[in-house]
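S.K.: Got a structure here, written out as structure tokens. Questions coming.
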Amino acid sequence: MGTERNGTERNGTERNGTERNSLFIFDFLQIFSIPKSTITKLKNNTSNTNKALNPEFGEVAFIRQIYFKPIFDNANLFNELENLKNADIITTHKIRFIFITDFINIEAYDIKAQEQLSIPFAELYQNYDFFLPIAGFEKAILTAENPADTKAAYQMGKLFDAIKNNNELDQHTLNIFLTRLLFCFFAEDTNIFEKQSFTALIKNHTDEQGSQLSELLNDCFHILNLDENDTKRQTYPAFLQRLPYVNGGLFAEQYQIPEFNAKSRRLLLNCAQLDWSEINPDIFGSMFQSVIDPKQRAELGQHYTSVKNIMKVIKPLFLEPLYQELDKLKVLVQSPERDKKLTALLQRISDIKIFDPACGSGNFLIIAYKELRKLEIEIMKNFSQTKSMFSGIHLDHFYGLEIDDFACETARLSLYLAEHQMHQQMADELGIRAPTLPLKNIKSIKCCNSLREDWEAFCPRKDRESDEVYIIGNPPFGGTRNRAIEQSKDMETIFNGLANFRSLDYVTSWFAKSAKYITSSRSESALVATNSICQGEQVPILWNYILDKGVNIKFAYQTFPWGNNARDEAAVHTIIISLSSKEITEKRLFKLTNKVWIEEKVENISPYLFSGKNTILSNRSYPICNVSEICLANVPRDDGNLFLSEQEINELLSVDSEAKKWIKQVVGGDEFLNNKLRYCLWLYGFELSDLNNNEFIRVKLDAVKSFRAASSRASTARQASTPHLFSEIRQPENGNYILIPSPSSERRKYIPMGFLNSDVIAINSFMIPNATLYEFGILTSKIHNDFMRIVAGRLESRYRYSAKVIYNNFPFPDVTEKQKAEISKLSQEILLVREDYPDKNLAYLYDPDTMPEPLKQAHQTLDKAVEKLYRDKPFKDSSERVEFLFERYEQLVKNLQKGTKK
């Protein structure tokens, strides 16, 4: 491709045009490892190998691979490409690629993938991957729900880039322009407009340089907003008057139309020629987000809530109950009475309101709308006599709040298109044809801050006790860190007066407002959230607030990975929780077991998402049982200056051999699990004045002093006066202690913990000073780990052990000294088995894939013995163990309260 011969220039501008044109394609094919013998046959047209129409003009047709056509006479590359696409020779010889070039620009087309490449010739080397199938490497086509979505995003993205590079328009104007274009593309492919009428206008009434396109589109958008009887229509040419009246506010406001050139006109036509009837309306929002963000184009779907995940929300919330009502009517004998009940069911679903208070581009609303329309069609099929009925389900019953302006525009557009699709389905199945145009203006989608909006005023109910409103969606998650100032103000408004609300995730704001909205009403909600809102310290803050409003969990999906069809799925662990204030005797708990969802019918769903009462653990400062106290390990807060590398230890000891007394081994979770050696200066019990005589130590302490003095925390700044000491010291002065690392991998069956001598300084973990083998046995048992998994907070997906929520609330069993001795013996066996693997660290020993069999057996023996301390009858599973522990916790709390009264 860039070969030089006899003083020629690179990139095809060498000795003379004829030779350059005749040799380029053969050099190009060599890049893709086409055998030289094959290329020679093509070059010489041996045995009619070159199937091109005009080989004498440099055209080359390589069967099943490529049709190359050089242009010499200023012909339009785009038109030449279009002509070749439809030529019989392409089909006859199963050509994969068409390649048209005048050696200034390139127009290429992949027949199989239906992708087009429009680039300057000089950029060919950057786009070689477009032609990789020639070398036998098939391109991976990343799809969302179907390939058409990705192709559309790719082509629209290229158009967006070209327009933006040549126009200085604000983002909102560009967004409006793109949504209007998309509607026109969709309309002409789905018979809202005459077939290909919009594309024909562009092809036939604008020049190839694109100079007339802006004016034409401006006229198109104006006339699409004019009623059929409006006299202004008569002022436009007849070819424009054929465009129908759209209404719905889609073309109501006037916005500047971008200017076009030859390239952007070609790209627009490329987009128009896609089959937009195959595009899913529920993915338009994500598709357009990928258009305006080039980084997202290759991962369309990653930012898209898939239909299967939306169905997890809406099926148990309202779809399944409605279908059950229909099933009851189906078995009745056909009669006027049966038809009357079917009519009542139709009226019921037409009265339902669906409300997504963080609707984004409308995915949840679109799927809910389409599913209700499908149900409506199914009901209509069951009347004893065929009736001519139009749909009673209207878009103005689908409410959405969204803070992003573009997402709101896309949600409205997507609902229009979904409505048209369902009109077509009703026509196909029942012969009932409803007009799509003119569109009705959707006022139920509003751009605003959902958390500052009055939901009752926005989605009103005439009668709280009878009106059916279902709140659904996937609100922004947002943890406690890096929260925007405005988001904190939002939460302050929602949780006014609630203590510790700042410890809650941002998503809890939507749960709180939903609970308020549905209180004492027929309305219900089902929202997606991160699993952290049902774990750890968030539970008592949030769920006491919700339960106090007389609201309970109707159904819930336990933790599952929130994935899409993108190649790199987002690693977010989510839950789905439905809230209701109605009396529900049977609730539904969904569990993901071996990648299969299992449904369990239960009396009640705990805020921790297991079958049990609404018992909520408090943040307890001391253990609820008579056991050793736990504490957080030591905290240095020293900017690393009290820690020593091996080189620093050698340097210190070389000048002061007595300094050995100041050096201690230090262990945090990482060091403990992975057998890493680390050391620190432990100067507790020494006078600062004595330490300053050592230059090495003094430099270290000066650095600590400066770091602490600069802190914005008053307590840390005060500790600048004692730079030789850790900021927080809890180290036991003698004996052993149990170290519990936090966090710990969610893959482990047991949190690895163990005994350390008081000479080893603990950090970044928890310590239980003076703990016994008995306590170690209970804490390392399956039953304690089951409890931990339910109530622990998370750091990413890892379990985060805590003192106040887990250890201090854990209901230890009532035991005799003999039973304690038995558990201690089994605990000692676990420690001895560990010692049989001196070359293996705890991370290896407790990895479920590498855990040695003897260690597994030792733990299993201990597990059985610990369970028997609670009751003789074995527990059937972890859910039953946790439910039992919570009942015991309740009893312990009652006992404490009685003791307090005494």
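According to this note's numbering, the sequence shown holds residues 577 to 1478 in order. The beta carbon of each residue, even a glycine, is placed where N, CA and C say it ideally should be.
#1: Which of the three DSSP states is assigned to Gln-878 in this structure?
#2: Could you check if Gln-900 is buried or exposed, using at least 16 other CB atoms within 10 Å of its CB as the buried criterion?
#3: What are the residues that DSSP puts in a beta bridge with Cys-1207?
#4: Rounded to the nearest angstrom, what separates Ser-853 and Glu-744 at their Cα positions?
#5: Is DSSP giving Gly-968 helix, strand or coil here?
#6: Of the choices Asn-1107, Phe-600 and Ile-639, whose alpha-carbon is the least far from that of Thr-614?
#7: Go ahead and pull the three-state DSSP assignment for Ala-1146.
#8: With 16 other CB atoms within 10 Å as the buried threshold, where does Pro-1011 fall?
#9: Give a yes or no on whether the C-beta atoms belonging to Ile-1094 and Ser-1154 are separated by under 7 Å.
#10: In this structure, how does DSSP classify Asp-1214 when only helix, strand and coil are distinguished?
#11: Between Asp-678 and the ligand NAP, is there a pair consisting of the residue's CB and a ligand heavy atom that are separated by less than 6 Å?
#12: Counting C-beta neighbours from all protein chains within 10 Å, is the total for Glu-1398 16 or more, i.e. buried, or is it exposed?
#13: Nearest to Leu-1468 by CA position, among Arg-1213, Asp-1423, Ser-1194 and Ser-1378, is which residue?
#14: Tell me which residues share the same chain as Arg-1374 and place their Cβ nearer than 8 Å to its Cβ, disregarding the 5 neighbours each side in the sequence.
#15: Output needed for Tyr-945: all residues of its chain with C-beta closer than 6 Å, excluding positions within five of it in sequence on either side, in chain order.
#16: Buried or exposed: Tyr-701, going by 16 or more other Cβ atoms within 10 Å of its Cβ?
#17: Please report the straight-line C-alpha distance between Gly-1369 and Arg-1098, rounded to a whole angstrom.
#18: Hey, how far is the Cα of Ala-1537 from the Cα of Tyr-1422?
#19: On a Cα-Cα basis, can you pick out the residue from Gln-1134, Ile-925 and Val-1104 that is closest to Asp-1043?
#20: By the 10 Å Cβ neighbour count, where 16 or more other Cβ atoms means buried, how is Asn-1385 classified, buried or exposed?
#21: Identify every run of the beta strand (DSSP E) within the segment 641-671, keeping only runs that are complete inside it and at least 3 residues long; order them along the chain.
#22: What residues in its chain sit with their C-beta under 6 Å from that of Leu-1218, if we drop five residues either side in the sequence?
#23: Taking the alpha-carbon of Glu-791 as reference, which of Ala-663, Ile-778 and Asp-803 has the nearest alpha-carbon?
#24: What is the DSSP secondary structure of Arg-1009, reduced to helix, strand or coil?
#25: In terms of residue numbering, what span does the alpha helix (DSSP H) encompassing Arg-914 cover?
#26: Thr-677 by DSSP, collapsed to three states: which one?
#27: In chain order, what are the residue ranges of uninterrupted beta strand (DSSP E) at least 3 long that sit wholly in the segment 1323-1396?
#28: Should Arg-1447 be labelled buried (16 or more other beta-carbon atoms within 10 Å of its own) or exposed?
#29: Of the residues Ala-1293, Leu-1301, Asn-1250 and Val-1231, which one's Cα is nearest the Cα of Leu-1264?
#30: How about Leu-951 and Leu-898: are their beta carbons less than 7 Å apart?
#31: Are the beta-carbon atoms belonging to Lys-1130 and Ile-1160 less than 7 Å from one another?
#32: Write down every uninterrupted run of the beta strand (DSSP E) in the segment 1244-1316 whose length is 3 residues or greater and which is fully enclosed by it, in chain order.
#33: DSSP three-state call for Leu-991: helix, strand or coil?
#34: Might you give, ordered along the chain, the residues of its own chain that have their beta carbon closer than 6 Å to the beta carbon of Ile-1327, omitting 5 neighbours on each side?
#35: Is Ala-1102 closer than 7 Å to Val-1280 when the C-beta atoms are compared?
#36: Tell me whether the segment 678-689 and the segment 610-630 touch, counting them as touching only if at least three CB pairs, one residue from each stretch, are closer than 8 Å.
M.R.: Based on what the coordinates show:
#1: No answer about Gln-878 holds up, because its pLDDT of 39 lies below 50 and its placement is not dependable.
#2: Counting every other CB atom within 10 Å of its CB across the protein chains shown gives Gln-900 a total below 16, marking it as exposed.
#3: Beta-bridge pairing links Cys-1207 to Met-1343.
#4: Distance between the alpha carbons of Ser-853 and Glu-744: 32 Å.
#5: For Gly-968, the three-state secondary structure derived from DSSP is coil.
#6: Looking at Asn-1107, Phe-600 and Ile-639, the one whose alpha-carbon comes closest to that of Thr-614 is Ile-639.
#7: Note that Ala-1146 has pLDDT 43, beneath the 50 cutoff, so the model's placement of it is unreliable and no number is given.
#8: Exposed is the call here.
#9: No, they are not a contact pair.
#10: Coil.
#11: The ligand NAP is not part of the structure shown, which contains no ligands of any sort.
#12: By the 10 Å Cβ count, Glu-1398 comes out buried.
#13: Taking the Cα of Leu-1468 as reference, the smallest distance to any Cα among Arg-1213, Asp-1423, Ser-1194 and Ser-1378 is reached at Ser-1194.
#14: Scanning its chain for C-beta atoms nearer than 8 Å, with the 5 sequence neighbours on each side dropped, one finds around Arg-1374 the residues Pro-1319, Ser-1320, Ser-1321 and Glu-1322, in chain order.
#15: Excluding sequence neighbours, Tyr-945 sits near Phe-974 and Ala-994.
#16: Per the 10 Å Cβ criterion, exposed.
#17: Cα-Cα distance, rounded: 33 Å.
#18: The structure shown does not extend to residue 1537, since the chain spans only 577 to 1478, so no value can be given for it.
#19: Ranking Gln-1134, Ile-925 and Val-1104 by Cα distance to Asp-1043 puts Ile-925 first.
#20: Under this definition Asn-1385 is a buried residue.
#21: Fully enclosed beta strand (DSSP E) runs of 3 or longer: 642-646.
#22: Same-chain partners within the cutoff: Pro-1212, Cys-1256 and Leu-1257.
#23: Among Ala-663, Ile-778 and Asp-803, the Cα nearest to that of Glu-791 belongs to Ile-778.
#24: Arg-1009 carries a coil assignment under DSSP once its states are collapsed to helix, strand and coil.
#25: For Arg-914, the enclosing alpha helix (DSSP H) stretches over residues 912-927.
#26: Shown here, Thr-677 sits in a strand according to DSSP, grouped into three states.
#27: Qualifying beta strand (DSSP E) stretches, in chain order: 1330-1333, 1341-1345, 1369-1371 and 1374-1376.
#28: Burial is judged here by how many other beta carbons sit within 10 angstroms of a residue's own beta carbon; Arg-1447 has fewer than 16 and is exposed.
#29: When the alpha-carbon of Leu-1264 is set against those of Ala-1293, Leu-1301, Asn-1250 and Val-1231, the nearest one is in Leu-1301.
#30: Yes. Within cutoff.
#31: At a Cβ-Cβ threshold of 7 Å, Lys-1130 and Ile-1160 count as neighbours.
#32: Counting only runs of 3 or more residues that sit fully inside the segment 1244-1316, the beta strand (DSSP E) segments are 1255-1257, in chain order.
#33: Three-state DSSP puts Leu-991 in a helix.
#34: The residues are Ser-1320.
#35: Between Val-1280 and Ala-1102, the CB-CB gap reaches or exceeds 7 Å.
#36: No, they do not touch.
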